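The structure under discussion appears below in the form of structure tokens.
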Amino acid sequence: SAVISQKPSRDICQRGTSLTIQCQVDSQVTMMFWYRQQPGQSLTLIATANQGSEATYESGFVIDKFPISRPNLTFSTLTVSNMSPEDSSIYLCSVEVVGVSYEQYFGPGTRLTVT
Amino acid sequence: GEDVEQSLFLSVREGDSSVINCTYTDSSSTYLYWYKQEPGAGLQLLTYIFSNMDMKQDQRLTVLLNKKDKHLSLRIADTQTGDSAIYFCAESRDSSASKIIFGSGTRLSIRP
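If you're matching them up, the sequences are chains A and B in order.
For the first sequence, the numbering used here assigns the number 188 to the initial residue and increments by one for each residue that follows.
For the second sequence, the numbering used here assigns the number 6 to the initial residue and increments by one for each residue that follows.
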């Protein structure tokens with residue numbers, strides 16, 4: 188498995204501002220993903236973070252709203268831009284570990300509240 | 006379609022077995038997963054089964070897969086208070102598990 192940390196663990200932000208969430212893994216991973224879990228809901232994939240190139244976004248998510256970086260094999264960031272109360276969610280980073288492609292591990296999540 | 010469906014709630018008595026059910030619609034699913042989410046925590050991968058298997062057992066956990074009916078279940082033997090959590094069923098359709106579709110989650114509560 189992999190040990191995944193996210194910063195911040197939670198934040199309360201004002202509408203119109205932006206927040207950058209960091210995801211750090213303790214080992215090299217092949218794939219990194221960002222998910223959103225809205226209150227009382229299941230998880231929805233936002234995008235796949237690609238090292239050295241633009242992220243691959245799922246339907247309904249765009250780069251201007253959720254810019255993603257992945258500068259190396261163990262680190263990625265997700266920015267939630269121009270926030271509104273509808274962005275209040277838990278944002279989770281997940282990874283596939285090198286050599287174990289069918290297991291996806293999740294970070295502890297970042298709980299975001301937008302007021 | 007991409008739907009993965011689960012019942013929302015399950016209540017069992019401590020010491021009994023819990024059975025959480027899930028149905029999925031895509032017959033090309035490669036791997037099927039069970040994740041556990043405790044309050045305020047991230048998701049923990051509990052177990053998974055490859056689509057050419059029909060059963061997998063891991064200590065107190067038993068996964069049953071009926072591919073014909075597209076039905077997956079998770080049985081937890083001797084349910085304990087620490088098993089209280091939301092359990093998510095999920096499927097992936099490619100060998101790298103890159104895109105996982107999650108069910109809505111089943112909240113398991115344990116009564117004394």
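We put the CB at the ideal spot given by N, CA and C, even for glycine.
From a predicted model like this one, the values you see are computed outputs, not experimental measurements.
- About 11 Å separates the beta carbon of S205/A from that of V301/A, a gap too long to meet the 8 Å contact definition.
- By the C-beta density criterion, V249/A is exposed, having fewer than 16 other C-beta atoms within 10 angstroms.
- Put simply, of Y53/B, L70/B, I115/B, T35/B the residue whose alpha carbon is nearest the alpha carbon of I91/B is I115/B.
- Only E283, S288, Y289, E290, Q291, Y292, F293, G294, P295, G296 from the stretch 282-298 of chain A bring a Cβ to less than 7 Å from some Cβ of chain B.
- Of all residues in the stretch 94-117 of chain B, those with a C-beta nearer than 9 Å to a C-beta of chain A are A95, S97, S100, S101, A102, S103, K104, I105, I106, F107, G108, S109, G110, reading in chain order.
- Per DSSP, N26/B is one residue of the beta strand (DSSP E) stretching across 23-29.
- Residue pairing for A236/A: DSSP places it in a beta bridge opposite M219/A.
- For P258/A, the uninterrupted beta strand (DSSP E) run begins and ends at 255-259, by DSSP.
- When C-alpha distances from S33/B are compared across Q49/B, K72/B, T67/B, the shortest belongs to K72/B.
- By the C-beta density criterion, R18/B is exposed, having fewer than 16 other C-beta atoms within 10 angstroms.
- Contact annotation: the stretch 209-216 of chain A touches the stretch 278-286 of chain A, with at least three C-beta pairs closer than 8 Å.
- The stretch 191-207 of chain A and the stretch 220-232 of chain A do not touch, with fewer than three beta-carbon pairs separated by less than 8 Å.
- Between P226/A and G47/B, the CB-CB gap reaches or exceeds 7 Å.
- Among the CB atoms of chain A, none fall inside 7 Å of the CB of Y92/B.
- Shown here for Q193/A: same chain residues with a beta carbon closer than 7 Å to its own, the five before and five after excluded, namely I208, Q209, C210, C280, G294, P295, G296, T297 in chain order.
- Shown here, D198/A sits in a strand according to DSSP, grouped into three states.
- DSSP, reduced to helix, strand and coil, places T86/B within a helical segment of the structure shown.
- Around the CB of M58/B, fewer than 16 other CB atoms lie within 10 Å, so the residue is classed as exposed.
- Counting along the chain, V284/A sits inside the beta strand (DSSP E) bounded by residues 276-284.
- In this model, S78/B and Q11/B are separated by some 10 Å (Cα to Cα).
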